[in-house]
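Residue numbers (the numbering used here): 3 to 148.
Where is the CB? At the ideal position from N, CA and C, for every residue including glycine.
Fair warning: this is a prediction, and the values are worked out from it, not measured in the lab.
First comes the structure, then the notes that go with it.
So this is what it looks like as structure tokens:
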């Protein structure tokens, strides 16, 4: 288990656990109030989504969850780096993407025209960039993440 950061205003801690599975996510624990939330993040964009809160009977108020999500979003490079250090994967391998007109990689359906399947991926912690290698392609694509 690797602590990614603290949320001092709530008294919560953010962790990446070694026995976790895809999608990439962090665990936010509040020992004093006895709840834990899992928030998923992406190596393609800045999206954050709540996976669950346990136990539900002790779930924090929506304002606290919004603070948690905002803190995780503001510290995405640290969360991505912690996940990469522990798991060594972006969870993008095998996924289908389409390169949008603005150059961003977006999830796609494999039958969609222009869809590419990720053969392998790598996260460059120092550069804050994800490098994708697509099946049937000879060159990679790199995205700097914010």
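Delimiting residues of the beta strand (DSSP E) encompassing residue i
| i | result |
| --- | --- |
| residue 39 | 37-43 |
Same chain, Cβ closer than 6 Å to residue i, neighbours up to 5 away in sequence not counted
| i | result |
| --- | --- |
| residue 116 | 100 |
| residue 47 | none |
Residue i burial status per 10 Å Cβ neighbour count (16 or more: buried)
| i | result |
| --- | --- |
| residue 49 | exposed |
| residue 123 | buried |
| residue 142 | exposed |
Neighbourhood of residue i by C-beta distance below 7 Å, restricted to the same chain and skipping five residues each side
| i | result |
| --- | --- |
| residue 128 | none |
Whole beta strand (DSSP E) elements within the stretch 26-103, 3-residue minimum: 27-32, 37-43, 50-56, 98-101
Is there contact here, the stretch 22-42 with the stretch 62-81, by at least three beta-carbon pairs under 8 Å? yes
Only counting runs of 3 or more residues, tell me where the beta strand (DSSP E) segments fall wholly within the stretch 99-144, in order along the chain. 107-109, 118-126, 131-136
Under 8 Å: do the stretch 94-109 and the stretch 130-141 share three or more Cβ pairs, one atom per stretch? yes
Taking three-plus beta-carbon pairs below 8 Å as touching, is the stretch 106-123 in contact with the stretch 54-61? no
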